[in-house]
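Quick note on the numbering used here: the sequence shown kicks off at 6 and runs consecutively.
By construction, the Cβ of each residue, glycine as well, lies at the ideal position given by its N, Cα and C atoms.
Structure, as C-alpha cells:
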Amino acid sequence: MRRFFAFMALIWSALPAAAQVSPNLYDYVRSDLDWYTIETEHFLVHFHADPDGSGSSRSAQVTARIAEEIYGPMTELYGLEPDTKVSIVLKDFEDYSNGAAYFFDNLIEIWAPALNTPLRGAHAWLRNVITHEFAHIVQVQASMKSGRRVPFVYLQYLDYEDVRRPDVLYGYPNVIASYPVPVLNNPAWLAEGTAQYQRASLDYDRWDAHRDMILRTRVLAGETLTIEEMGGFYSHTSLERETVYNQGFALSQYLAATYGEQALADVTRSLGQWSNWNFERAARDAVGRDGGDVWQDWVSSLEADYTASMQERMETLVAGRVLEDDGFYNQYPRFSPDGSRIAWLSNKGEDFSRQYLHIMDVASGEEIAEVAFDVAPGHVCALGHRLAGPATGAVTWSPDGGSVVYTRSRETPEGRLFNDLYSYSLEEEKSTRITREQRLSDPAWSPDGDRIAAVRQSDGTTNIVLLDPASGEVAPLTAFASGQQATEPRFSADGAWVYFSQLDRHGYDLARVRAQGGSVEQVLATESDERSPVPSTDGVWFASDRDGIFNLYRLRDGASAPERMTNVVGGAFMPDVAPGGQVAFARYDWDGYSLALLENPQVVGSAPAYTPPRVLTKANTPSANSYDDSDLGPIARETLNLAADSSGVELSGLAWSTDSDRAAELSEYSSVFTSFSFLPVLRLDRYVSRKRSRTDVRIKDRTRGETLLRNTKIGAYAASREIMNGLTMFGGLLLAPGSRAAESPADFFSPSSLLKLERDLFLQFELRRSLGILDKRWAPQWSLELFNVRRNVENGLSIEEFPCTACYPDTTLADLAYNLWEVDLAARSKINRALLLEAGVRYSPYRVTTERFFSKELAQAIPETSSRYFIGRSVRLKAYFEAFEPHRHMDVVPEGIKVEATLERERGRLLEEFDVEDGILTPVYTSDAITRLTLDARVARHLVRRPLPHGISARVRTSMVLGGEVNDFYDDYIGGLTGARGYPFYALGGNRTAWAQMAYTFPLLPRIDRQMGFLYADKLFARVYADAVSAWRGAFPGAGSIRKDVGAELRLGLGSFYLLPTAVFVSGTYGLDTFDFQLDDGFVTPDGQSTVQYGGGVQWHVGVLFGFDLF
6 MRRFFAFMAL
16 IWSALPAAAQ
26 VSPNLYDYVR
36 SDLDWYTIET
46 EHFLVHFHAD
56 PDGSGSSRSA
66 QVTARIAEEI
76 YGPMTELYGL
86 EPDTKVSIVL
96 KDFEDYSNGA
106 AYFFDNLIEI
116 WAPALNTPLR
126 GAHAWLRNVI
136 THEFAHIVQV
146 QASMKSGRRV
156 PFVYLQYLDY
166 EDVRRPDVLY
176 GYPNVIASYP
186 VPVLNNPAWL
196 AEGTAQYQRA
206 SLDYDRWDAH
216 RDMILRTRVL
226 AGETLTIEEM
236 GGFYSHTSLE
246 RETVYNQGFA
256 LSQYLAATYG
266 EQALADVTRS
276 LGQWSNWNFE
286 RAARDAVGRD
296 GGDVWQDWVS
306 SLEADYTASM
316 QERMETLVAG
326 RVLEDDGFYN
336 QYPRFSPDGS
346 RIAWLSNKGE
356 DFSRQYLHIM
366 DVASGEEIAE
376 VAFDVAPGHV
386 CALGHRLAGP
396 ATGAVTWSPD
406 GGSVVYTRSR
416 ETPEGRLFND
426 LYSYSLEEEK
436 STRITREQRL
446 SDPAWSPDGD
456 RIAAVRQSDG
466 TTNIVLLDPA
476 SGEVAPLTAF
486 ASGQQATEPR
496 FSADGAWVYF
506 SQLDRHGYDL
516 ARVRAQGGSV
526 EQVLATESDE
536 RSPVPSTDGV
546 WFASDRDGIF
556 NLYRLRDGAS
566 APERMTNVVG
576 GAFMPDVAPG
586 GQVAFARYDW
596 DGYSLALLEN
606 PQVVGSAPAY
616 TPPRVLTKAN
626 TPSANSYDDS
636 DLGPIARETL
646 NLAADSSGVE
656 LSGLAWSTDS
666 DRAAELSEYS
676 SVFTSFSFLP
686 VLRLDRYVSR
696 KRSRTDVRIK
706 DRTRGETLLR
716 NTKIGAYAAS
726 REIMNGLTMF
736 GGLLLAPGSR
746 AAESPADFFS
756 PSSLLKLERD
766 LFLQFELRRS
776 LGILDKRWAP
786 QWSLELFNVR
796 RNVENGLSIE
806 EFPCTACYPD
816 TTLADLAYNL
826 WEVDLAARSK
836 INRALLLEAG
846 VRYSPYRVTT
856 ERFFSKELAQ
866 AIPETSSRYF
876 IGRSVRLKAY
886 FEAFEPHRHM
896 DVVPEGIKVE
906 ATLERERGRL
916 LEEFDVEDGI
926 LTPVYTSDAI
936 TRLTLDARVA
946 RHLVRRPLPH
956 GISARVRTSM
966 VLGGEVNDFY
976 DDYIGGLTGA
986 RGYPFYALGG
996 NRTAWAQMAY
1006 TFPLLPRIDR
1016 QMGFLYADKL
1026 FARVYADAVS
1036 AWRGAFPGAG
1046 SIRKDVGAEL
1056 RLGLGSFYLL
1066 PTAVFVSGTY
1076 GLDTFDFQLD
1086 DGFVTPDGQS
1096 TVQYGGGVQW
1106 HVGVLFGFDL
1116 F
C-alpha cells in the first residue's frame, strides 16, 4: 500500500483542474499591485494601481461604460443573461495584448495594451475586445445543454497489471482513461465568428481589409480550411489559428446575411440540444440545411465572387521580387544607411509568431546575421510563459550603419514583462540593452544620431517619445491620454519632423509632430486605413487599403492625391526606401508575409475598385456607435485612497444604467469567488477480480454483474477559485456502493455504513497571494492537500484455527479494510519563469482494520479491531525546471528540457508485530529515519523539424536512500506505466533505482482532418523506445542486475466536442530479461512457489487522457 498514492496522483493529475506542479502553472506573487473594483449594474470591473498612480484605472472606467452599453444588445440576441455579475479583470503589467472569457465562471480578463497584429485591421481596442469577450460569455452559455455549474461529466476507466505477488494487494494501472463529456460542443469558428460579428447594429469590429486579404488569398489559392479544420485550433500554426478566427467571422456573417441575424442565435441554441453534437446537425435543425452544405455554399459563393473581382487585377500585377519567404511573418524591413543591407523581423523556421532580428546583404541575398538572445531563443516554460521575449515591432539602423536597434520584452524585478530597446552591433555581434522598464517599442533613429523616436505604452494608450541614447532620458512628443494609438514613428530626412500612424476608431491615419515638440498635424486622414509612413526626399511612402486592397502609395510633396506603386493580390505593407530608390516591403500571400523588393518603383495605373463579397458585410447600417470616452481619465490617487478607507466612492461621471442616474461605485477590491463547479464522475475501477480468494478454491467466484457493481464508483469533483487566483479550491469524493454488503436500504445509507464504503477523497487548497511576509515576486505560495483512500479486502486475512481438540486445522477468513490518510503542506516559490522551488512537509497515517468475524476455535464473534500500521512524517526540498520550444506538434514531439530534483527526509514507524501485555494486544513498531535523493531529467531534440517533426528524447531517473539499507516498505518502484514498461510496476523495486530511456518519435498520419460526430481526428504519431533499469538494495550488484526492454507506442491526437484535447496512446513493451523475484518469508504464490518470474513477455498499456507525457 506504500505506493498507493502514486497511482492515485496519476489519476487525479489527469484532470485539467487538478493542482499539478509546474513552473508553467504558477504566476509571480504581485504584492506590489493594489486592486480596486468598479461595480455597475451587471459587472464588476477590477483594476490595479501602483503606488505611483500608474495602472489601468482609465481603462477600467471605459470598460465599465462599454460593458453596460453592450449588455442589452448582446443578451437580447441570444436570449440569455448571466446568472451573476460578470467580473472583468484589467491588466497592465505586461506589454501584451489579449482578452479571455471564462464562460463557466462569468469571468473576463483583458490586457490593456491595444492589439496590433498584422493579421487584423486596427479598431478601437476596448470597444472591440469588451464586446468580443462578453459575446463569448453569452453565446457559449446559450449553447450549453445544461447549466454552467455542471460543466463536465467524467467517465473514467482503470485496469491493472496482473501483479502475481501475494504480498501486494493489486497492481499498478496499465489502462487509464479519463474522458470528460462537456455540456457544450461549440465549434471554435462559431464561437470566435459570433464574437467578431457581435451585432449588426454594433460597429466595434468589422470585416476589414486585413481579414478580407487572408480569406481572399486562401480562396483563390484553393487553401480554404475545411469545416472540420475550423472546428478547433488543434495542431495549427498561429497563422492557421488566425484563419479559424477569420473564416469563422466570414461564415458567421454569411449565416446572418443569408438566413438573418437570428440564425446565429438559432444555431447556438440548436447546439444546446442533447441530440446535437456537431455543427452539421445543429445547422440542419436551425436553418434547414446541413452544416456541411452551408459551408460548401459559402465557399462556392466566395470562389465565384473573388475570381470575378480579381480577374482584371491579376493581369497587371506589380508585386516585387521575393527576397525571403521562409516563415509567415517577415516584416518591418529597414535598409541600412548605404542601402546595402536590410534588417527585418522574421519567424522563419517557426510554427508560431515569435520573431527574431535578421540582417541580409541585398546584392547577394545572403543572410549575414540572425540575432540570438542570451536565453534559449523561443523556449517557454512548458506551454506557458516565454523565457525570453522575442523581438517585436519596427527596427532601425544607426546613422553610421554599425548597429540595429530593436524591441524585445524582458522581465522586471517585480515580474512584469515590459518592452525595452536593444542595440545589436554588427562588428561585435552582440546586443546591448539601451532602456530598462520604459515600455518602449518601434524605434526610429534620427538622422543626426542624437535621438531615437519610439512608442511608449501606458494604460491602453500609446504616445510618441524621444529617447536620448546617451543619457537614457525620455521626453514625450505627444500627449494622448484617452486610448489613442500611435505607431511606427519615422524621422523626416532633415530630422525636423516625426511622422507616425494614428488610430482613428477603424484604421490608421498619417500624422506628424515636430521633433522639438508641438501639436500633432494630420498628413493624410481619410475613411481608408493609411499606415507605416516613410518620409523620403520627394514625399511620403505608406501603405493603404484605399482601393479595397492594401498596396504601397507615394504622396509627393504638394500633390493632392497619392500615387499607387504596387498592385498585389494579397497585400503590400511596411515599406522602406533605400537611398538608390529601391523599396523593400512585406508582401502577404495566402501562406503569410514574405520579404519583397521593388527594384525600380513605377507608378501603377488605375485599377477597378475592389469591394469584398456582399455576404461578408453586415446587413444593417451600424447605429449604436456614437461614443466619446475622452471624458474619462485616470482616477486620482486621493480618490483611490478614499475608496480604500471607506465602503465605496461614487464615480459621478460613470452611470451604471441607461434608465438610472445612479453612478458606478469604486471600492477597494474584496475577494470575489467563482461559483462552485460540480463535475459528476462515473468510474469503473477494476482492481477487484471475479475471484473472492486467491488461495481458497472453496469460495465461489463473483458473477460478472457482481464484479461490475463491485468495481463501480460514483461521485463528483468540485472546484472554485478567487478570480485573481489568490485562492483555489479543488476536491473530489468517489464511493464504491458495491464494496460493502448491506442488509437493507436503511442500513446502506446509515452514516456508519457509508463511512465503510471504499472511497477516494481529496481536497486541495492553494493560496497564491502574499501573506505580507515578503513583498517579492518569489514570495512563497502555499498549498494544502488532503488525501484519503479506503480499500476493503474481502477475505483478506487468513487465520489457522482448531475448531476442536481432535480436529484438523481449519482456515478462517476475515475481511480487511485499509484506510490511508495523507496531509501535505507545501510552500512554492517561483524564482523565474522556468524555475520553481518547493519546501514541504507531509504526514501519512495508514490504518488497517480487521472486520468482525466468527472464530470457530473460540466459538464466538471477534469484534472489529483496528491499528495503525504506518505513521510517516517527512520534510522535503524540491526544484522544478522546464523549458520547451513551442511548435505545433510539441504535445507529441517535444524539444526542450524538464528536470525535477527532490531531497526528502522521512521518519516512519512501521508495524512489525503485536505483543500481549496484561492481556492486551499491543502493536510494536520499528522506527526508521530515511533520507532519499531523487533526480528525474528529460531532454528532447528534433532530428527533423520541417515539414514534419522527427525527434529523439532521453530520460534518466534515479532514486537512492542515503546511508544503509532500510525496510523494503520504503522501496522505490520504476516499472510499469510510469517507468520501464516491459516489466510490471512491482517487479522493479529497491532502496536504490536507476532508469534510462531513449526514444524516437515520428509521424504516421500528421494531418488526418476527419470529423466523426463529436470527435475530430487530428494526427497519429509513433514512438519507439528502449529502457535500461536496475533496482537494488545495498551495494550495486553489477551490470547483471540491469533489466532491458524495447517497445513501441502509437499516439493518436483527437479533439473532443470542439473544446478539449484528447490524447490516446497504446504501447506494447517487451521485457528482454527474464528473472525471478524472491518473495518475503511467509509468502507463496497460489501454486506454492516462493518466487515470481518476470520478463520475457509483452506488457500492454493504454491511456485516454488530456495530453501525452511530454517525452
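Neighbourhood of residue i by C-beta distance below 6 angstroms, restricted to the same chain and skipping five residues each side
i	result
THR712	ARG695
ASP1081	THR1096, GLN1098
SER775	VAL34, SER36, ALA784
VAL608	GLU568
LEU560	GLY544, VAL545, PRO567
VAL1109	ALA182, TYR184, VAL1069
Among the options, nearest to residue i - alpha-carbon criterion
i	options	result
GLU805	ARG796, THR817, VAL794	THR817
LEU714	GLY720, ASN730, VAL693, ALA723	VAL693
ALA1153	PHE1019, TRP450, ALA498	Since the first residue of the chain shown is 6 and the last is 1116, residue 1153 is not available in this structure.
VAL944	PHE889, ASP896, ILE979	PHE889
SER565	ASN121, TRP595, THR531	THR531
ASP841	PHE333, ALA884, VAL897	This sequence places Leu at residue 841; Asp is not what is there. If we check each option's Cα against that of LEU841, ALA884 comes out closest.
LEU1123	VAL1107, ALA648, THR68	In the structure displayed, the chain extends from 6 to 1116; residue 1123 sits before or after that span and is not available.
ARG1015	ALA399, GLY801, ASN283, LEU772	ASN283
ASN121	PHE48, LEU174, GLU320, GLY512	GLY512
SER680	SER1061, GLU99, PRO156, GLN144	PRO156
PRO4	SER958, ASN468, ARG852	Here the chain covers residues 6 to 1116 and nothing more, so residue 4 does not appear.
Coarse secondary structure for residue i, derived from DSSP in three states
i	result
GLY60	strand
VAL582	strand
ALA46	For the sequence presented, residue 46 should be read as Glu rather than Ala. Here GLU46 sits in coil by DSSP.
GLN316	coil
THR248	helix
VAL609	coil
LEU388	Model confidence at LEU388 stands at a pLDDT of 38, short of 50, so the residue's coordinates are unreliable and nothing is read from them.
ARG1038	coil
PHE505	strand
PRO382	Bear in mind that a pLDDT of 44 at PRO382, under 50, signals an unreliable position, so the number given afterwards is only what the model happens to contain. The answer is coil: DSSP assigns PRO382 none of H, G, I, E or B.
TYR427	strand
MET1003	strand
GLU285	helix
GLN527	strand
GLY296	helix
VAL1097	strand
C-beta contact flag for residue i and residue j at 8 angstroms
i	j	result
GLY325	ARG592	yes
ARG1038	GLY995	yes
GLU843	ASP820	no
LEU740	ARG764	yes
TRP116	ASN103	yes
ARG878	LEU908	no
SER240	ARG893	yes
ASP1050	GLY1076	yes
ALA205	GLU266	yes
ARG782	GLU442	no
Contacts around residue i, its chain only, beta-carbon distance under 7 angstroms, and the 5 residues preceding and following it disregarded
i	result
VAL525	THR483, ALA516, VAL518
GLU432	GLY407
LEU1057	LEU1025, VAL1069
Residue i: CB within 7 angstroms of a non-hydrogen atom of the ligand COA
i	result
MET365	Among the components modelled here there is no ligand, and therefore nothing to report on the ligand COA.
Where are the alpha helix (DSSP H) runs, 4 residues long or more, that stay fully inside the stretch 636-688, in chain order? Entirely contained in the stretch 636-688, the alpha helix (DSSP H) runs reaching 4 residues are, in chain order, 642-650.
Which runs of the beta strand (DSSP E) at least 3 residues long sit entirely within the stretch 58-103? Give them in chain order. Here the runs fully enclosed are 91-96.
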